[in-house]
Amino acid sequence: MMPMDLGLFDVEAWITGAGQWGLLLVCAIVFVETGLLIGFLLPGDTLLLITGILTFTGVIPQPIWLVVLCIFIAAVLGDQLGYYIGYKAGPPIFERRSAGFFSKKSVARTEYFFARYGGWAVTIARFIGVVRTIAPVAAGVGKMPYKKFLFFNVLGAFLWGVGLPLIGWGAAHIPGVAEVVTAYIEIVFLVVIGMAVAGIAWHLGREQWEKRQEAKAAAAGEPVPEVEIWVDASAHDGRHEAEHPTAGYGVGPHDGTHEKQPPSA
């Protein structure tokens with residue numbers, strides 16, 4: 009069977025056409041996915057694996073060490089930008105009811121992730137689609153200490169931005185792997201992007217359904233639970249953070265029976 013010609017999704021053609029700038033294109037995609045709130049649709053994991061393979065085949069002409077170094081830097085800078093945006097914008101960036109992926113309930117899922125894993129959430133989030141985009145912003149909103157964020161950011165960028173291309177590069181040494189991937193690369197990306205679009209459509213549809221249910225409940229005079237985000241910017245002095253490792257990242261249900269301020273230490 010001959011591979012399909014899906015030019016728009018032929019990432020090899022994009023990178024080949026970019027020539028010496030192919031690596032820069034990959035780094036730009038990594039930076040946008042991790043640093044800007046519009047980057048959640050980009051197939052970062054798949055791109056990094058395929059980048060390693062294309063480096064092996066010579067489509068990306070730079071040596072593998074330079075490829076992973078540049079991707080690592082782009083990943084670190086992307087998360088730094090996300091942290092800066094969250095730190096400067098504060099909670100209002102997540103409080104718009106029409107924020108789509110960044111509605112209160114969506115952010116709550118990320119915040120509970122922080123509450124469970126603490127600073128490790130920044131590292132682990134690298135490997136989880138949409139959370140990868142929200143996590144650095146949420147860390148900034150929650151005023152995570154900069155040095156702590158930087159440590160977990162660098163660690164995550166190394167494991168993700170260096171690890172995945174090296175896995176792809178190593179797999180390309182297996183006979184037949186590089187040939188199959190490059191022959192069907194556009195189909196792979198089409199499937200990945202299709203899954204991402206389907207996930208986004210499902211998520212937004214559920215958000216709209218929940219809003220309609222809340223509106224019906226409000227019209228009937230029934231209590232409507234809300235997810236409330238609070239940020240304790242003073243929660244990160246050494247003693248307080250040691251006693252309350254998840255302080256500063258508080259999110260929970262609010263049904264009118266709780267105080268609007270987080271509990272004091």
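When we follow my numbering, the leftmost residue of the sequence shown carries the number 9, and every step to the right adds one.
Yeah, the Cβ is synthetic: ideal placement off N, Cα and C, and Gly gets one too.
Keep in mind that this is a model prediction, so the values were computed, not measured.
State yes or no: is the beta carbon of residue i nearer than 8 Å to at least one beta carbon in chain D?
| i | result |
| --- | --- |
| I58 | Although the question refers to chain D, the structure presented lacks it and comprises just one protein chain. |
Could you check which residue in the options has the C-alpha nearest to that of residue i?
| i | options | result |
| --- | --- | --- |
| V162 | I132, R124, G94 and L33 | I132 |
| D53 | P183, R134 and H181 | R134 |
I need the DSSP call for residue i, collapsed to helix, strand or coil.
| i | result |
| --- | --- |
| I195 | helix |
| P173 | helix |
| V67 | coil |
| G180 | The sequence shown places Ala at residue 180, not Gly. Of the three classes helix, strand and coil, the one that applies to A180 here is coil, per DSSP. |
| L44 | coil |
| I136 | coil |
| G229 | coil |
Using a Cβ-Cβ cut-off of 6 Å (strictly less than) and excluding sequence neighbours within five positions of residue i, which residues of its own chain qualify?
| i | result |
| --- | --- |
| T59 | V34 and P173 |
Assuming residue i contacts residue j under a Cβ cut-off of 8 Å, what Cβ separation, rounded to an integer in Å, is found between them?
| i | j | result |
| --- | --- | --- |
| A146 | F122 | 6 Å |
| V139 | F157 | No, V139 and F157 are not in contact; Cβ-Cβ is about 15 Å, not under 8 Å. |
| Y95 | K151 | 7 Å |
| G137 | L57 | Actually they are not in contact, since the Cβ atoms of G137 and L57 sit about 15 Å apart, beyond 8 Å. |
| G90 | P153 | In fact, because the Cβ distance is near 16 Å, the residues do not count as touching under 8 Å. |
| A179 | T65 | Their Cβ separation, rounded to whole angstroms, is 12 Å, which puts A179 and T65 out of contact at 8 Å. |
Note down, in chain order, each residue of its chain lying with its Cβ closer than 7 Å to the Cβ of residue i, except the 5 sequence neighbours on either side.
| i | result |
| --- | --- |
| F166 | F80 |
| I68 | I23, G30, L31, T59, L62 and V75 |
Which residue marks the beginning of the alpha helix (DSSP H) containing residue i, and which one marks its end?
| i | result |
| --- | --- |
| P153 | Note, P153: premise wrong, no alpha helix (DSSP H); not H, not E. |
| W128 | W128 to I132 |
| I72 | I72 to A97 |
Which residues in the same chain as residue i place their Cβ atom closer than 8 Å to its Cβ, once the five residues preceding and following it in sequence are excluded?
| i | result |
| --- | --- |
| Y92 | G148 |
| W128 | F160 |
| G164 | A83, D87, V130, T131, I132, A133 and R134 |
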